[in-house]
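The sequence shown begins at 1101 in our numbering and counts up one residue at a time.
We put the CB at the ideal spot given by N, CA and C, even for glycine.
If you're wondering where the values come from, they're calculated on a predicted model, not measured in any experiment.
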Amino acid sequence: MSTTPASHSSNLGLTSAEVAKSRQKYGSNELTPPKKESLWKKFLEKFEDPIIIILLVAMFLSLGVSCYEYFVIGERSLALFLEPAGVLLAVLLATGVAFYFELQSEKEFEILNQVNEDILYKVYRDGQISQILKKELVVGDVVLLETGEEVPADGTLIECISLQMDESSLTGEPHIEKSTNPEEFDSEATYPTNYICRGTSVLDGHCLFRIDKVGDATEYGRVYEGAQMDNSVKTPLNNQLDGLADLITKVSYAIAILILVGSAIIYAMQGGFSNADWAHTLSYFLQKVMIAVTVIVVAVPEGLPMSVTLSLAYSMRSMMKTNNLVRRMHACETMGAATVICTDKTGTLTQNRMTVTGTSFVEGIFPQLVHLSMAVNSTAHLDQHDSEHPSVLGNPTEGALLLWLHQQGVDYKELRQDYPLVSQLPFSTERKYMASVIQIDGVDHLLIKGAPEIVMQHCSLSTATRSYYEDQLLSYQSRAMRTIGFAYAPLNGATPFVDNKLSVDTLTFIGVVGISDPIRPEVPAAIQSCTDAGIQVKIVTGDTSGTAKEIGRQIGLWDDSCTERNIIAGAEFAQMSDEELASRVQDVRIVSRARPMDKERLVRLLQEQGEVVAVTGDGTNDAPALNRAHVGLSMGDGTSVAKEASDITILDNSFASISKAVMWGRSLYLNIQRFILFQMTINVAACIIVLIGAFLDTESPLTVTQMLWVNLIMDTFAALALASLPPSTRVMKSKPRKQTDNIISPAMAKRIFGLGSFFVVLLFAVMQYFKHAEVTTLTEFSFAELGRHFFDFNQGAFSGYELTVFFCFFVFLQFWNMFNAKAFHSGKSALADLKHCRNFLFIASVIVIGQVVITTFGGEMFRVVPLDLVSWAIIVLSTSLVLWCGEIFRRCKA
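Okay, here's the thing in structure tokens:
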């Protein structure tokens, strides 16, 4: 449908003074964010965790026993209250750390999710077209909207051309026609026909409207409920982690039950139940319950969700530096699993700096017709605040034509004012042309601009002329130029459009132009990087086969080995059935002359073959493919609809940034595997050693407070250290992981159980030795004594020094094992690149300092005594064998 527009007046809009006055009176165009949950409520929610509740119950039971012994039995020692106090301190520390990092993550996500307010809109101000941020619009502003753009505020239409809106975000209606013609108003419409609302989007056509309401006063603002990014998407990684956590939880509960059963059997065999001292029995089993609970605390991988969250938050923040604005968290990880990337050409592989580099007009054609065809039959504008270097606002191809006119000394705005539009048929990818009707000397003239082969179909051309221009087109296209054809016709009362299609076939051909868009210099290396990583790259473009092939050749995607099987045109693609395409889509490298739904269909067919597909897009017509893909990648200068449908926005539009996103995604997954490797190794050792101790009725060498400190190292500190490791280009040398792969690879399983079993034997040996040997300093240690007592299961007791040494020995085994986890799959030494791992070194320092402080000042609360320097040196050096053995293993494997 066409609507008669008002003239393009540059005097529309507000002055700077009027803008300030309007903002003061009506407010800004920002929505009031939803009321945030109070910090106290957030903190208290941390105590709803079942494990924390169990710990608190055990703490109160322990406190009850301590009170009984202090007040009833008469043991007047404050040391009785140290253990429940230690549990409380550990609980507060664990919940406090989790609370802090949750706040930090939320802060990161709030910063990164401020996407919608950073969109620029074309606005008339001070007699000029300017680009204004969405949040800075005010009541009274006159805004120009084009196909694909989202409406930034509520307002009344001033003029519109074939305007069709998607109001589904407000009314559920996906297709509404708008008009400024009172005869076409729909009295039953939800909103007036000449009124558009914030949050809706332009499906077709373009318009000029004046803002009436901004911010909370808009219809969208009235129903706004704080729409946040949906971070609940269940990815394969989420499912893998949930399954792993469920398995570990069940195993830990089983071990805890075995500890209680074993303790009960041994207690009965020793005649404990025949003793009438119920307080002693309660105290004994309370101690065993505390041990069982701490085994659950240690074994349950609370750190897994934190590790994933921290990895995602760190990756999201770091990816921003590589021009990847992550809009949905799961996309970070999924990008690393991508096996196919379907990419646009313009702006992604090329610089999107369109320049007219070739012209060929019919001899004798009036220059005025050429100028009008470029200036009036167009929706683009030039920002001429810098007259020496004007910039394009709108379609870059149309903008190149306006820049060419500017270079010729022609003012496109004067032409538009002198020759106002009578009607217009906007460009569409289905028609592949745009048409406008203007008056020249009182006669309506039709101007058409579009794909040359389509334009020439509507023109009467001699065989020689047609052949000449076909050769000219091939010449332009062989040099990767975009070609545009022009034609015109006096209408003399004829109807130019029928059903939104051209109804005139007697046009006069004007000529063609070639517009070049150079390749981005960094793209060939990025394409090679993806190819080395086992990722297929497919170009999906509306350009001709010749242009697409030339671009493919320049970026290294098309070579002499390629055949016609590796390229397919949109028309052929549409005619083939899914069954026919199933055997070919893997071989296709280029889809030329692609139509809107071709890309979406290609994505679907690839997904049906088990591929993980990432798709780039910048237009409204790309939204179906962006939604369909595992990861949708919109361009920084793309339409609002494309951005809304995407998961990641590529700020600089370059394919090189997409390659970096893959590297970050793979590195994120690897960091999570490193954390699992670290934690599971210690879990195996800790749970089995406590289980053995329970069945042998051996006094647990680790107290509840000590195990909670160990748990803090494993879950929080290790998650921080390993989640923040920088990415490695090495991950781009391996093939993409399969969706069915287990997160614990066979190599990881061997290391977990192999090293975990070694830790069990080592720790059990130390425990047996200390139980039977009187050790006051590690210099007295004897391997002969160790051999004699290894299988001696008689009851024994630990001295304070021995308990402290065992505690430190256990912690430093973890400390050095964290370095081994860092080196997993890196192909390098664990000590390599430490200068780039500042977070890792900081956390490692915190662990060492924390252990020294606890050992020196923990006293009875942590059941430790201060150690001398010689003991510290022996502990650190002896446990470091874990790292050196790992280094030897990595060197031999390399």
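Inset, instruction - Return the CA-CA distance between E1960 and L1163, expressed in angstroms with no decimal places. - result: Within the sequence shown, the letter at position 860 stands for residue 1960. Within the sequence shown, the letter at position 63 stands for residue 1163. Roughly 16 angstroms between the two C-alpha positions.
Inset, instruction - Evaluate S1138 with the Cβ neighbour count: other Cβ atoms within 10 Å of its Cβ, from every protein chain shown; 16 or more gives buried, anything less gives exposed. - result: Numbered from 1 along the sequence shown, position 38 holds the residue referred to as residue 1138. Flag for S1138 reads exposed.
Legend entry - Every unbroken alpha helix (DSSP H) within the segment 1898-1939, with a cutoff of 4 residues, ordered by chain: Runs found: 1900-1922.
Inset, instruction - Look at the Cβ atom of Q1521, then the Cβ atom of N1600, and state whether they are nearer than 8 angstroms. - result: Reading the sequence shown from its first residue, position 421 is the one you call residue 1521. Reading the sequence shown from its first residue, position 500 is the one you call residue 1600. It should be noted that the sequence gives Leu, not Gln, for residue 1521. In this structure, N1600 does not lie closer than 8 angstroms to L1521 by Cβ.
Legend entry - Validate contact between the segment 1635-1655 and the segment 1695-1705 using beta carbons, cut 8 angstroms, 3 pairs: Yes, since at least three Cβ pairs between the segment 1635-1655 and the segment 1695-1705 fall closer than 8 angstroms, the two stretches touch.
Inset, instruction - Look at the alpha carbon of G1436 and the alpha carbon of G1652, and state the distance between them as a whole number of angstroms. - result: Indexing the sequence shown from 1 puts residue 1436 at position 336. Indexing the sequence shown from 1 puts residue 1652 at position 552. Rounded to the nearest whole angstrom, the C-alpha separation of G1436 and G1652 is 24 angstroms.
Inset, instruction - Assuming A1475 and Y1512 form a contact by the criterion Cβ under 8 angstroms, report the distance between their Cβ atoms to the nearest whole angstrom. - result: Position 375 of the sequence shown, counting from 1, holds the residue named residue 1475. Position 412 of the sequence shown, counting from 1, holds the residue named residue 1512. Contact flag correct, Cβ pair sits at about 4 angstroms.
Legend entry - Uninterrupted beta strand (DSSP E) stretches inside the segment 1562-1630 (no shorter than 3 residues): For the segment 1562-1630, whole beta strand (DSSP E) runs of length 3 or above, ordered along the chain, are 1581-1590 and 1608-1616.
Inset, instruction - Within the same chain, show all residues whose beta-carbon is closer than 7 angstroms to that of T1829, passing over the 5 residues directly before and after it, in chain order. - result: As a working note, residue 1829 is residue 729 in the sequence shown. The beta carbon of T1829 is closer than 7 angstroms to those of M1763 in its chain, skipping five residues each way along the sequence.
Legend entry - For N1495 and A1819, the rounded distance between their alpha carbons: Within the sequence shown, residue 1819 is the residue found at index 719, counting from 1. Within the sequence shown, residue 1495 is the residue found at index 395, counting from 1. Taking the straight line joining both Cα atoms gives about 47 angstroms.
Legend entry - Burial state of N1294 (16 or more Cβ within 10 Å): Taking the first residue of the sequence shown as position 1, residue 1294 is located at position 194. Result: buried.
Legend entry - Spatially closest choice to L1140 from G1196, K1125, G1113 and G1174, by CA coordinates: Position 40 of the sequence shown, counted from the first residue, corresponds to residue 1140. Checking the sequence, you will find Trp at residue 1140 rather than Leu. The candidate whose alpha carbon is nearest that of W1140 is G1196.
Inset, instruction - Drop a sphere of 10 angstroms on the beta-carbon of I1348, count the other beta-carbons inside from all chains shown, and report buried for 16 or more, exposed for fewer. - result: For the purposes of this step, residue 1348 is taken as the residue at position 248 of the sequence shown. Result: buried.
Legend entry - C-alpha gap between V1753 and T1422, whole angstroms: Counting from 1 along the sequence shown, the entry for residue 1753 is found at position 653. Counting from 1 along the sequence shown, the entry for residue 1422 is found at position 322. It is worth fixing the name first, because residue 1753 is Asn in this sequence and not Val. Those two C-alpha atoms are separated by around 11 angstroms.
Inset, instruction - Would you identify the three-state DSSP class for Y1291, choosing helix, strand or coil? - result: The count along the sequence shown starts at 1 and reaches residue 1291 at position 191. Y1291 falls in the coil class under three-state DSSP.
Inset, instruction - Buried or exposed for K1743, please, with buried defined as at least 16 other CB atoms from any protein chain shown within 10 angstroms of its CB. - result: For the purposes of this step, residue 1743 is taken as residue 643 along the sequence shown, with counting starting at 1. Buried is the call here.
Legend entry - Reduced DSSP category for S1122 - H, G, I as helix; E, B as strand; rest coil: Within the sequence shown, numbered from 1, the residue matching residue 1122 stands at position 22. DSSP, reduced to helix, strand and coil, places S1122 within a helical segment of the structure shown.
Inset, instruction - Evaluate the contact criterion for the segment 1767-1777 versus the segment 1836-1852: three or more CB pairs, one atom per stretch, below 8 angstroms. - result: As far as the Cβ criterion goes, the segment 1767-1777 touches the segment 1836-1852, which means the pair count is three or higher.
Inset, instruction - Within 10 angstroms of the Cβ of W1378, are there 16 or more other Cβ atoms? Answer buried if so, exposed if not. - result: As a first step, residue 1378 is located in the sequence shown; it is residue number 278 there, counting from the start. If you draw a 10 Å sphere on the C-beta of W1378, you find fewer than 16 other C-beta atoms in it, and that means exposed.
Legend entry - One or two residues paired with L1547 in a DSSP bridge: Walking along the sequence shown from the start, residue 1547 turns up at place 447. Per DSSP, S1536 and Y1588.
Inset, instruction - Compute the distance between the beta-carbons of N1939 and S1757, then report whether it is under 8 angstroms. - result: Here the question's residue 1939 lines up with position 839 in the sequence shown. Here the question's residue 1757 lines up with position 657 in the sequence shown. Cβ atoms of N1939 and S1757: not closer than 8 angstroms.
Legend entry - Length-filtered (3 minimum) beta strand (DSSP E) runs lying within the segment 1667-1705: With a minimum length of 3 residues, the continuous beta strand (DSSP E) runs that stay inside the segment 1667-1705 are 1667-1669 and 1690-1692.
Inset, instruction - Give the DSSP-derived three-state secondary structure of K1235 in the structure shown. - result: On the sequence shown, residue 1235 is found 135 positions in, with the first residue counted as 1. Three-state result, K1235: helix.
Inset, instruction - Can you tell me which of the three DSSP states F1265 falls into? - result: Along the sequence shown, read from residue 1 onward, the residue named residue 1265 stands at position 165. A small fix is needed here, since residue 1265 is Met in this sequence, not Phe. Here M1265 sits in strand by DSSP.
Inset, instruction - Output the distance between the C-alpha atoms of F1209 and V1946, rounded to the nearest integer angstrom. - result: Position 109 of the sequence shown holds residue 1209. Position 846 of the sequence shown holds residue 1946. Residue placement at F1209 is flagged as unreliable, the pLDDT there being 49, under the threshold of 50; the coordinate-derived value follows with that caveat. Looking at the two C-alpha atoms, the distance is approximately 26 angstroms.
Inset, instruction - Return the CA-CA distance between G1371 and L1344, expressed in angstroms with no decimal places. - result: Counting from 1 along the sequence shown, the entry for residue 1371 is found at position 271. Counting from 1 along the sequence shown, the entry for residue 1344 is found at position 244. Here the alpha carbons of L1344 and G1371 stand approximately 41 angstroms from one another.
Inset, instruction - Name the residue from A1587, T1595, A1594 and T1803 whose alpha carbon lies nearest to the alpha carbon of L1607. - result: On the sequence shown, position 507 is the one that residue 1607 refers to. Of the listed residues, the one whose Cα sits closest to L1607 is A1587.
Legend entry - Sequence-distant residues of the same chain with beta carbon closer than 6 angstroms to Q1654, five excluded per side: Here residue 1654 corresponds to residue number 554 of the sequence shown, with the count starting at 1. By the criterion of a C-beta distance shorter than 6 angstroms, Q1654 is surrounded in its chain by I1619, once the five residues flanking it on both sides are discounted.
Inset, instruction - Using the Cα positions of L1270 and V1119, report the straight-line distance between them to the nearest angstrom. - result: To locate residue 1270, count along the sequence shown from 1; it is residue 170. To locate residue 1119, count along the sequence shown from 1; it is residue 19. If I take the Cα positions, the gap works out to 28 angstroms.
Legend entry - Where A1819 falls: helix, strand or coil (DSSP): Stepping through the sequence shown from its first residue, residue 1819 is reached at position 719. In the structure shown, A1819 sits in a helix (DSSP, three-state: H, G or I).
Inset, instruction - Taking 8 angstroms as the cut-off, decide whether the C-beta atoms of R1310 and G1255 are in contact. - result: By one-based count along the sequence shown, residue 1310 stands at place 210. By one-based count along the sequence shown, residue 1255 stands at place 155. It is a contact, given that the beta carbons lie within the stated cut-off.
Inset, instruction - Evaluate S1603 with the Cβ neighbour count: other Cβ atoms within 10 Å of its Cβ, from every protein chain shown; 16 or more gives buried, anything less gives exposed. - result: Counting from one through the sequence shown, the residue named residue 1603 turns up at place 503. Label assigned to S1603: exposed.
Inset, instruction - For Q1951, I'd like the list of residues in its chain whose CB is within less than 6 angstroms of its CB, leaving aside the five on either flank, ordered along the chain. - result: As a working mapping, residue 1951 is identified with position 851 in the sequence shown. The residues are V1911.
Legend entry - Top-ranked residue by Cα proximity to S1980, from V1970, K1235 and M1918: One-based indexing of the sequence shown puts residue 1980 at position 880. Considering only alpha carbons, the answer is M1918.
Inset, instruction - Have a look at Q1779 and F1907 and give me their C-alpha separation to the nearest angstrom. - result: The residue given as residue 1779 occupies position 679 in the sequence shown. The residue given as residue 1907 occupies position 807 in the sequence shown. If you take the alpha carbons of Q1779 and F1907, they lie about 17 angstroms apart.
Legend entry - Limits of the beta strand (DSSP E) - the one that A1438 falls within: Here the question's residue 1438 lines up with position 338 in the sequence shown. Per DSSP, A1438 is not a residue of any beta strand (DSSP E), being assigned neither H nor E.
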